[in-house]
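Numbering (the working numbering), first residue to last: 55 to 448.
Every residue gets a Cβ at the ideal spot worked out from N, C-alpha and C, and that includes glycine.
Model, not experiment: these values are computed from the prediction.
Data block below; observations after.
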Ligand code: FAD
Ligand code: DHB
């Protein structure tokens, strides 16, 4: 098999890249280790920055998002028995975010790229490694029904997530990894109940962090901080709802509508950045190159900003034989990645319980009191939350 751009992974980054390249007449083949149903069914992110929403519109896959997505003009932060609202447009000259699930985005991209445009995605076809990435014809070695085959490409995009093989194909002395783990995880529930409040609530509580999010007016997504070694089997639905209510201010706790779970899962928290993101003709994008803790909803949005830079670089190369944008990809993408990683780390530290130390807790409360009491503090939260701007890249 041959193609112009071989893409490993059909998560949001792989699909979005394939779609943007297809619209410019560039051939792609995606190799995906899982089935289509599995990829479509994964419950993950829910908050979309304006930059990502614009990119989905550019990909001509923003129509349903614009119809069904919920525009959010602010968030609430609960601490010390109080609830403070942060108004995004006021502090960012008009910016907002969109609540629209990763599941829906994946569905829209699959429909447009595969069902309507005939784009090629080979499911249940795991890549094994990338070879010859520093030549003009990198190759992806993959497994098709137990047989090893190869896809010869002009370029390879490693969009295969944190556990993928693209990054692992690079010798250790050519890549630098930066990493931080956190001493807790998130236990999440998805349930068909109306959200407790119209906008998200991020809660700092002495029992631990809680987040009230949603997918629609009738479907809620809630998370509570849990122990790293906790198991979903340890939690009944009732126990989850009780613990959530404990961690919210009284008025919000009273308004929680409970219901049976559609899904419950535990996510560990992790910060990770690989440098660089380009190795000859192999490019890493999305979770393959970096991971953030979910606090602040940056993971999916960073996958989109990588694809903004990478799609432009590949288009300039395929259409105009320009290599300058390929050379700039890694630095441009990483500048934004580092800033969002810093924000996710800081926002995590501000809201979670690390230990029983009362001084640390009072410092958190005092910082929240300061931030929410100051226009500068509200601006810091708002401009990071709505998403830092993409750099001009042409
Ligand atoms: P992925 O979505 O991971 O896609 C990678 C794809 O590559 C997968 O389909 C995988 O099956 C495939 N693949 C892997 N290895 C191979 C191989 N060898 N060959 C072929 N295919 C391969 N972000 C938020 O902003 N908010 C959240 O609430 C949130 N919750 C999350 C919960 C969980 C459990 C996880 C894991 C992530 C969460 N994230 C969240 C992060 C967000 O979902 C990711 O940042 C986003 O999915 C990144 O997209 P991606 O396409 O780069 O990677
Ligand atoms: C969601 C997840 C997040 O990490 C976040 O900060 C906001 C929302 C969500 O899944 O809805």
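* According to the Cβ coordinates, are residue 243 and residue 315 closer than 7 Å? -> yes
Inset, instruction - For residue 399, I'd like the list of residues in its chain whose CB is within less than 6 Å of its CB, leaving aside the five on either flank, ordered along the chain. - result: 325
Next item on the list: Confirm the yes/no value for this check: CB of residue 162, any heavy atom of the ligand FAD, distance under 6 Å.
Entry: no
_According to DSSP, simplified to helix, strand and coil, what is residue 470?_
The structure shown has nothing for residue 470, since the chain only spans 55 to 448.
| message | Using a Cβ-Cβ cutoff of less than 6 Å, which residues in the same chain neighbour residue 134 once the five nearest sequence positions on both sides are dropped? | response | 419
Using alpha carbons as the reference points, say which of 122, 151 and 345 lies closest to residue 321.
345
- Among the residues of its own chain, which have a CB less than 8 Å from the CB of residue 415, if the five just before and after it don't count? 260 and 407
Which of helix, strand or coil DSSP assigns to residue 349 = coil
Assuming the contact rule is C-beta atoms closer than 8 Å, residue 150 and residue 440 should be a hit. Round their C-beta distance to whole Å, please. 7 Å
So, does the region 198-213 touch the region 59-69, judging by three or more C-beta pairs under 8 Å? yes
- Task: Taking only the alpha-carbon atoms, compute the straight-line gap between residue 138 and residue 239 and give it to the nearest angstrom.
- Result: 25 Å
**Asked** Which same chain residues, not among the five before or five after residue 366, have their C-beta less than 8 Å away from its C-beta?
**Response** 379, 447 and 448
Discussion item. Is residue 278 close to the ligand FAD? I mean its beta-carbon at under 6 Å from any heavy atom of the ligand.
Written reply: no
query: Below 8 Å, can you find three or more Cβ-Cβ pairs linking the region 162-180 to the region 87-95?
result: yes
**Asked** So the beta strand (DSSP E) residue 393 belongs to, where does it begin and stop?
**Response** Note, residue 393: premise wrong, no beta strand (DSSP E); alpha helix (DSSP H) at 378-405.
Along the chain, where does the beta strand (DSSP E) containing residue 55 start, and where does it finish?
Segment: none, residue 55 is in no beta strand (DSSP E) and carries neither H nor E.
**Q.** residue 433 versus 112, 182 and 141, residue with shortest Cα-Cα distance
**A.** 141
Checklist entry - Would you report the Cα separation of residue 392 and residue 356, rounded to the nearest angstrom? => result 10 Å
Cut-off 8 Å between Cβ atoms - residues of its own chain near residue 383, not counting five sequence neighbours on either side = 331, 332, 337, 363, 364 and 367
- Contact belief for residue 323 with residue 236 at Cβ below 8 Å, rounded distance in angstroms: 4 Å
DSSP three-state label for residue 181, please.
strand
When the Cα of residue 296 is compared with those of 105, 79 and 309, which residue comes out closest?
309
- Per DSSP, what kind of secondary structure is residue 71 in: helix, strand or coil? helix
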